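Presented below is the structure to which this report refers.
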Amino acid sequence: MSDTRIITGNEAAALAVKLVEPNVIAAYPITPQTSLAEKLSTFVEGGELRAEYVRVEGEHSALTVCISASTVGARVFTATSSNGLLYMHEQIHWAAGSRLPIVMCCVNRGVGAPWSIFNDQQDSFSQRDTGWIQIYCRDNQEIIDTIIQAYRIAEAVYIPVMVCYDGFVLSHTMMPVEIPDYGKVREFLPPYKPSVDISPENPVTVNPVFFPWRRENAEGVLCDGYMEKRYKLQDALLKSTDTIEEVSTAYGQAFGRDHGGLLWEHMTDDAEIVIVGMGSIAAEATVAADSLRKEGIRAGVVGIRVFRPFPRKAIATALKKAKVIVVFEKCMSYGCDGGVSSDIKSALYGTGIEAPMHNYIAGLGGRDVKARELADAVKETITRIDSGTEENETTWLNCHTG
Amino acid sequence: MAQLPYGVALMQENIFKINDKEYILPGSRACQGCGLSLAYRYILKALRENTIVAIPPSCLCVLHGLYPTTSVTVPAINATFAGNAASASGIVAALNALNKTEITVLALTGDGGTYDMGIQSLSGAAERNTNFIFACYDNEAYMNTGTQRSGATPMGALTTTTPILTKREKKKDMLKIMEAHDLPYLATVSPAYPADLYDKFVKAKRIKGTRYIHIDIPCPPGWAYPAKDTVRVGKLAVETGIFVLCEIEDGKFRFTGRSETLAKKGKRLPVVQYVERQGRFRKMSIEQLNQLQSWVDSRWNEYMKRAE
Ligand SMILES: Cc1ncc(C[n+]2csc(CCOP(=O)(O)OP(=O)(O)O)c2C)c(N)n1
Ligand code: SF4
Ligand SMILES: [Mg+2]
């Protein structure tokens, strides 16, 4: 019998963490992640989850605890948002460089200054280049399922995974969620084996200073220099797309839900207008696409699930037939362009896809974006293209820029 | 200069027979005459192989060698500068969760990683009474990056960021800060008195919770004295009372080793004898010297009262 409950995104995340049974949890509260950290404390103190919960004094320490705990063989979990994530930045790089299978939830929130506690994706976007896998969820069911998948992915490829979901829009919104069966999760997720055994019998110094060039060890074997080490991270990230897809499929087989490996599509088969988004805004865009279809506009949606490694091939394939591409995005590469659209443009270069792309910076700091507004924006794009505006354009949606 | 009674140290009480196994092989990357190498050698002898060391960026990181070789034969994990105590907390949490509680976790951290950038994570770990030894090896500046001023640099010392006027502020009292965390064990040690150092680490190993050990680390290039004088300078620090060998167990203070003898005799050398041996103090003013002497005297008196 399935166990379906009506719960918030943070509760879904907490239940997922309980199911994967990490050995060590370290987290520091920040809105909108807080109720997740609280729920996990309750599980641990109530004896429902056997884990060491380290109540650290800040996020830098939270991730540091996870890094060293993971190094000595513990399965670990942490979660944060916004400035908490930024405060971890040094360690976010360190975790990836150390090739540790840490799983962290980023409950997406705008970053200061000025302060906003509400949602956008600038926080996780600003950690894009750190070498983590980033997966964005569109609803609460996907949160619980993705966290379980994230451990299997991370522990297979030795790369940390950031599971991102929109603050308040998902974290504090109740939705029906089917809770995966404990026994099946145990089968799906084998126990964690660290890549290096840290013990007195194997007295290694982990992450010492590397030379730029390669160097021989005591047995005369030529070992990696700094560049080889970093190249291996990039190589593993690019190859992880296969693992991510396999895990998504395997999860679908085991639990009956495949959320799409790298990305998901909604009515793109015959779509002339393809809307692209990441996270809950992409789910909202499906409502917009449905309403546009009722007006005779053939719209479809591509939801980017995995932002890093960026699914270049899958994106190009999904956009091959589009006549117009509209991107709604909640992050900005300041001084350049929207965070998602610029990566899409780079993925399309040289593929022969020349459809005009209009991108909308939307919903920063929690500004509401309704399906109707997305549909109107798409129609506005069509009007402009019909009147001859072929160039790529960026518009800040609902922003009074005058 | 007056001859000092160096031989006295050899007669100090030594509870435990020193382990003759070596854990640091020849070929470490530390400088000639490095006080840290000497201290680390005895620390590992005391803690033995069932130890994991947490290392921040510092001279210790360099001492451990450059990939893929190391001269140290216990497992060690490098972490970033601000988080050595958090890194140790992570190791401790994992070992607890994995039922490997027989392993000693040592966070060996420079003064920069203790007094300055690392103080947040140290205070957090200590407040949680994390089951580890945090040892601050205090060479009184950021040596790895070329002798810049730290919160541990004494007044009157030249550093590369106090290159003309010398450091004008007093050294922070880290022991007091750590004592305020209500720890089960605190101690100070010097590699110039290896038996005392060894005893305290053996003792610390047997205690649960956060144990804080402060190590005075004479450093030839950073303090500007000849490499052969490391033990001499370390002893002068104790003889003058600039550095005091002591122990605070469950709140109870006691002098140990050479400092205990000095306390009984009531005789200390003037700090000038310590200062004049080191090039870093060459621009120290008379006022600074007097201030240093009175700081040493008042702390000594404070300790004398506590030891009663
Ligand atoms: C975040 C950060 N800032 C600065 C540095 C540069 N840095 C490396 S070691 C060091 C000084 C270490 O001083 P201390 O802790 O006293 O150890 P020592 O080198 O004296 O042994 C500094 C500033 C760093 N590694 N990380
Ligand atoms: S700079 Fe000083 S502490 Fe660092 S390795 Fe050299 S002698 Fe040792
Ligand atoms: Mg130092």
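Residue numbers (numbering that gives the first Met the number 0), protein chains in the order written: chain A, 0 to 401; chain B, 0 to 307.
The beta carbon of each residue, even a glycine, is placed where N, CA and C say it ideally should be.
Please read all numbers here as calculations on a predicted model, not as lab measurements.
What is the DSSP secondary structure of residue 148 of chain A, reduced to helix, strand or coil?
The residue labelled residue 148 of chain A in the question sits at position 149 within the first sequence. Looking at residue 148 of chain A - three-state DSSP - the assignment turns out to be helix.
Looking only at its own chain, which residues have a Cβ that is under 7 Å from the Cβ of residue 112 of chain B, when we skip the five neighbours before and after it?
Position 113 of the second sequence, counting from 1, holds the residue named residue 112 of chain B. Counting only Cβ-Cβ distances below 7 Å, and skipping sequence neighbours, we find 55, 57, 80, 83.
Just to confirm, does residue 143 of chain B get its C-beta within under 7 Å of one of the non-hydrogen atoms of ligand 4?
With respect to small molecules bound, the structure shown includes ligand 1, ligand 2 and ligand 3 and not ligand 4.
Compare the beta carbon distance of residue 178 of chain B and residue 241 of chain B with 8 Å and say whether it is the shorter of the two.
The residue given as residue 178 of chain B occupies position 179 in the second sequence. The residue given as residue 241 of chain B occupies position 242 in the second sequence. No.
Does the beta-carbon of residue 104 of chain A, which I'm using as the reference point, lie nearer than 7 Å to any heavy atom of ligand 1?
Along the first sequence, read from residue 1 onward, the residue named residue 104 of chain A stands at position 105. False, no ligand heavy atom lies under 7 Å from that Cβ.
Would you tell me roughly how many angstroms separate the C-alpha atoms of residue 71 of chain A and residue 74 of chain B, rounded to the nearest one?
Taking the first sequence and counting its residues from 1, the one referred to as residue 71 of chain A is at position 72. Taking the second sequence and counting its residues from 1, the one referred to as residue 74 of chain B is at position 75. The alpha-carbon atoms of residue 71 of chain A and residue 74 of chain B are separated by roughly 10 Å.
Identify the contact partners of residue 72 of chain B in chain A, using a Cβ-Cβ distance below 8 Å as the criterion.
Start at 1 with the first residue of the second sequence, and residue 72 of chain B comes out as number 73. Per Cβ cutoff of 8 Å: 202.
Residue 303 of chain B and residue 165 of chain B look like a contact to me (Cβ under 8 Å); what is the Cβ gap, rounded to whole Å?
For the purposes of this step, residue 303 of chain B is taken as residue 304 along the second sequence, with counting starting at 1. For the purposes of this step, residue 165 of chain B is taken as residue 166 along the second sequence, with counting starting at 1. Actually they do not touch by this definition, with Cβ atoms about 30 Å apart.
At a Cβ threshold of 8 Å, is residue 93 of chain A touching chain B?
On the first sequence, residue 93 of chain A is found 94 positions in, with the first residue counted as 1. For residue 93 of chain A, the answer is yes, since a Cβ of chain B falls inside 8 Å of its Cβ.
Would you say residue 46 of chain A reaches chain B, if we count a Cβ-Cβ gap shorter than 8 Å as a contact?
Counting from one through the first sequence, the residue named residue 46 of chain A turns up at place 47. False, the Cβ-Cβ gap to chain B never drops below 8 Å.
Is the separation between the beta-carbon of residue 131 of chain B and that of residue 105 of chain B shorter than 8 Å?
Residue mapping note: residue 131 of chain B aligns to position 132 of the second sequence, counting from 1. Residue mapping note: residue 105 of chain B aligns to position 106 of the second sequence, counting from 1. Yes, they are a contact pair.
For a contact meaning CB atoms closer than 8 Å, what does residue 61 of chain B contact in chain A?
The residue given as residue 61 of chain B occupies position 62 in the second sequence. Correct list: 208.
Under the criterion of a Cβ to heavy atom distance below 7 Å, does residue 163 of chain A qualify as lining ligand 2?
Indexing the first sequence from 1 puts residue 163 of chain A at position 164. No, ligand 2 has no heavy atom inside 7 Å of this Cβ.
Cα separation between residue 276 of chain A and residue 312 of chain A?
Taking the first residue of the first sequence as 1, we reach residue 276 of chain A at position 277. Taking the first residue of the first sequence as 1, we reach residue 312 of chain A at position 313. C-alpha separation (whole angstroms): 17 Å.
Just reading off the beta strand (DSSP E) that residue 150 of chain B is part of, what are its end residues?
What you label residue 150 of chain B is simply residue 151 of the second sequence in a count that begins at 1. Taken as a continuous stretch (DSSP letters only), residue 150 of chain B belongs to no beta strand (DSSP E), as it is neither H nor E.
How about residue 108 of chain B and residue 204 of chain B: do their beta carbons lie closer than 8 Å?
Translated into the one-based positions of the second sequence, residue 108 of chain B becomes position 109. Translated into the one-based positions of the second sequence, residue 204 of chain B becomes position 205. Contact: no.
Three-state secondary structure (DSSP) at residue 78 of chain A?
Locating residue 78 of chain A in the first sequence gives position 79, counting from the first residue. Residue 78 of chain A: strand per DSSP, three-state reduction.
Going by alpha carbons, who is nearest to residue 254 of chain A out of A:317, A:188, A:236?
Position 255 of the first sequence, counting from 1, holds the residue named residue 254 of chain A. The residue with the shortest Cα to Cα distance from residue 254 of chain A is A:188.
Flag residue 90 of chain A as yes if its beta-carbon sits less than 8 Å from any beta-carbon of chain B, otherwise no.
Along the first sequence, read from residue 1 onward, the residue named residue 90 of chain A stands at position 91. Residue 90 of chain A counts as touching chain B.
Please report the distance separating the alpha-carbon of residue 314 of chain B from that of residue 204 of chain A.
Because chain B is modelled from 0 through 307, residue 314 of chain B falls outside the range shown and cannot be assessed.
Using a C-beta to C-beta distance shorter than 7 Å, which residues of chain B count as neighbours of residue 72 of chain A?
Counting from 1 along the first sequence, the entry for residue 72 of chain A is found at position 73. By Cβ distance, chain B contributes 93, 97.
Residue 140 of chain B: beta carbon under 7 Å from a heavy atom of ligand 3?
Residue mapping note: residue 140 of chain B aligns to position 141 of the second sequence, counting from 1. Yes; taking the cut-off as 7 Å, the Cβ of residue 140 of chain B has a heavy atom of ligand 3 nearer than that.
Chain B beta carbons: is any one of them nearer than 8 Å to that of residue 96 of chain A?
Position 97 of the first sequence, counted from the first residue, corresponds to residue 96 of chain A. With 8 Å as the cut-off, residue 96 of chain A does not count as an interface residue toward chain B.
Closer than 7 Å to a non-hydrogen atom of ligand 1 - does that hold for the CB of residue 177 of chain A?
Taking the first residue of the first sequence as position 1, residue 177 of chain A is located at position 178. No, ligand 1 has no heavy atom inside 7 Å of this Cβ.
Relative to ligand 3, is the shortest distance from any of its heavy atoms to the C-beta of residue 64 of chain B smaller than 7 Å?
Position 65 of the second sequence holds residue 64 of chain B. Residue 64 of chain B: no, Cβ never under 7 Å from ligand 3.
Rounding to the nearest angstrom, what Cα-Cα distance links residue 198 of chain A and residue 85 of chain B in this structure?
Residue 198 of chain A sits at position 199 when you count from the first residue of the first sequence. Residue 85 of chain B sits at position 86 when you count from the first residue of the second sequence. The alpha-carbon atoms of residue 198 of chain A and residue 85 of chain B are separated by roughly 20 Å.
Taking the alpha-carbon of residue 138 of chain A as reference, which of A:172, A:155, A:123 has the nearest alpha-carbon?
On the first sequence, position 139 is the one that residue 138 of chain A refers to. Cα-wise, what sits closest to residue 138 of chain A is A:172.
For residue 138 of chain B versus residue 34 of chain B, is the C-beta distance shorter than 8 Å?
Here residue 138 of chain B is taken as the residue at index 139 of the second sequence, counted from 1. Here residue 34 of chain B is taken as the residue at index 35 of the second sequence, counted from 1. Contact: yes.
Determine the direct distance from the alpha carbon of residue 327 of chain A to that of residue 355 of chain A, and round the result to whole angstroms.
If you number the first sequence from 1, residue 355 of chain A lands on position 356. If you number the first sequence from 1, residue 327 of chain A lands on position 328. One C-alpha to the other measures close to 14 Å.
May I ask you to list, following chain order, the residues of the region 21 to 45 of chain A that have a beta carbon less than 8 Å from some beta carbon of chain B?
Answer set for the region 21 to 45 of chain A: 22, 23, 25.
Residue 197 of chain A touches chain B at which residues, Cβ-Cβ below 8 Å?
Mapped onto the first sequence, residue 197 of chain A falls at position 198. Going along chain B in sequence order, the residues near residue 197 of chain A (Cβ under 8 Å) are 51, 74, 76.
Would you mind stating whether residue 256 of chain B and residue 191 of chain B have Cβ atoms separated by less than 8 Å?
Counting from one through the second sequence, the residue named residue 256 of chain B turns up at place 257. Counting from one through the second sequence, the residue named residue 191 of chain B turns up at place 192. Going by C-beta atoms, residue 256 of chain B is not nearer than 8 Å to residue 191 of chain B.
Give every residue of the same chain whose Cβ lies closer than 6 Å to the Cβ of residue 116 of chain B, excluding the five residues on either side of it in the sequence, and list them in chain order.
Reading the second sequence from its first residue, position 117 is the one you call residue 116 of chain B. Taking C-beta separations shorter than 6 Å and ignoring five residues to either side along the sequence, the partners of residue 116 of chain B in its chain run 80, 81, following chain order.
Starting from residue 170 of chain B, trace the alpha helix (DSSP H) in both directions and tell me its first and last residue.
Taking the second sequence and counting its residues from 1, the one referred to as residue 170 of chain B is at position 171. Counting along the chain, residue 170 of chain B falls outside any alpha helix (DSSP H), and DSSP gives it neither H nor E.
Can you list, in chain order, the residues of its chain with a C-beta nearer than 7 Å to that of residue 9 of chain B? Leave out the 5 residues immediately preceding and following it.
Working through the second sequence from its first residue, we reach residue 9 of chain B at position 10. In this predicted model, residue 9 of chain B has a pLDDT of only 39, less than 50, meaning its place in the structure is not dependable enough to derive any value.
Hey, does residue 103 of chain B have any beta-carbon neighbour from chain A nearer than 8 Å?
Position 104 of the second sequence, counted from the start, is the residue given in the question as residue 103 of chain B. No - not a single Cβ of chain A is within 8 Å of the one on residue 103 of chain B.
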